[in-house]
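Trainee:
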Amino acid sequence: MATKIRLARHGRKGRPFYHIVVADSRAPRDGKYIERIGSYNPNTNPATINLDFDKALTWLNNGAQPTDTARAILSYEGVMMKKHLLGGVKKGAFDEAAAEVKFEAWKKEKEAKINAKKEGLSTAAVDSAKARLEAEMKVSADRAEAIAKKAADAAAELAAAEAAKNAPEEAANEEGTESTEA
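If you read the sequence shown in the UniProt record's numbering, its first letter stands for residue 1, the second for the next number, and so on.
#1: Do the region 86–93 and the region 31–40 touch if we need at least three Cβ pairs shorter than 8 angstroms?
#2: Name, in chain order, the residues that DSSP records as bridge partners for Asn166.
#3: Can you grab the Cα-Cα spacing for the pair Arg15 / Ser25, in whole Å?
#4: Hey, Ile51 and Lys83 are a contact pair by Cβ (cut 8 angstroms); roughly how many whole angstroms apart?
#5: Between which two residues does the beta strand (DSSP E) containing Tyr76 stretch?
#6: For a quick check, are the C-beta atoms of Tyr18 and Ala8 less than 8 angstroms apart?
#7: Measuring only the C-alpha atoms, how far is Ala72 from Ala47?
#8: If you reduce the DSSP assignment to three classes, tell me which class Gly31 lands in.
#9: Could you compute how far the alpha carbon of Ala112 sits from the alpha carbon of Asn62?
#10: Just the C-alpha distance for Glu96 and Gln65, rounded to the nearest angstrom, thanks.
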């Protein structure tokens, strides 16, 4: 039977979620499958992948052909690397212990890259939040300054109006006191 390792789509419109399955190559995309070996959620950053490593490796060694996306996922998780190293062991290029050491070194390097990406994303989110907060504080300070200036102008206008209102009364009072003094 020609088997494929491929993705079966689930989830709602615009929010896909995939099951990684082993299926007969003639079966429909979301139809009958032989075995489910994992899941893939591209909605998160970085994408969330849950994969049964041993089952995927067994199916690859038995001749299952991964689709392009499934191959990328298997490569990301290290299944393709492990298959490559086991092929080297079968050919006698190196022994199983050396293959295991190479795989562990590759896996540590890959995990370091993934963690660096996660850290970069979290620091980028924090930095953008700080930048937005600073911009908002600047706008708020400008608004407060404009409101204070407007209030000061209004107070000055009110004082000028009061002075203008009191000035004719004082002038009349002064004229009245001058005429009585003379």
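The C-beta atom is built at its ideal place from N, Cα and C for all residues, glycine as well.
Mentor: Once the coordinates are examined:
#1: No contact exists between the region 86–93 and the region 31–40.
#2: Looking at the DSSP output, Asn166 bridges to nothing.
#3: Going from the Cα of Arg15 to the Cα of Ser25 covers about 26 angstroms.
#4: The question names Ile, but residue 51 in the sequence shown is Leu. Between Lys83 and Leu51 the Cβ distance is about 14 angstroms, and since that is not below 8 angstroms, they are no contact.
#5: Annotation: Tyr76 is outside any beta strand (DSSP E); the continuous alpha helix (DSSP H) that includes it extends over Asp68 to Glu77.
#6: For Tyr18 and Ala8, yes; Cβs fall inside 8 angstroms.
#7: When rounded, the distance between both Cα atoms is 12 angstroms.
#8: It is coil, neither helix nor strand.
#9: If I take the Cα positions, the gap works out to 31 angstroms.
#10: Between Glu96 and Gln65, the C-alpha separation is close to 24 angstroms.
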